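Q: Quick one: the structure is below, questions incoming.
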Amino acid sequence: MSGFSKAAIGLGVVGLILMIFNFWLGLIVIVAGVAIPVGAYFMLDPAQRRRFREIRRRKQIGR
8 MSGFSKAAIG LGVVGLILMI FNFWLGLIVI VAGVAIPVGA YFMLDPAQRR RFREIRRRKQ
68 IGR
């Protein structure tokens, strides 16, 4: 599991716990942890996305 996915899962869990006590604070944590990185990825142009995917593949292979 990548570091990003661990952070996203952790922020999701923390956000759900915070939603019990303060709904809006939990919602902000979930949006900040998940929606902002996804939006940033979609803002990349196709060439940048391709390079990003290649870099991630190399890390998975262990090069």
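Residues in the sequence shown are numbered consecutively from 8, following my numbering. By construction, the Cβ of each residue, glycine as well, lies at the ideal position given by its N, Cα and C atoms. Note that the structure is predicted; figures quoted are calculated from it, not measured.
1. Let me make sure I understand the geometry here. Which of V45, I43, V20, P44 has the alpha-carbon closest to that of G33?
2. From which residue to which residue does the alpha helix (DSSP H) around R40 run?
3. DSSP state of L51, grouped into three classes?
4. Looking at A14 and G46, is the spacing between their C-beta atoms short of 9 Å?
A: Concretely, from the data shown:
1. V20
2. Correcting the residue type first, residue 40 is Gly in the shown sequence and not Arg. Boundaries cannot be given for G40, as no alpha helix (DSSP H) includes it and DSSP labels it neither H nor E.
3. In the structure shown, L51 sits in coil (DSSP, three-state: anything other than H, G, I, E or B).
4. no
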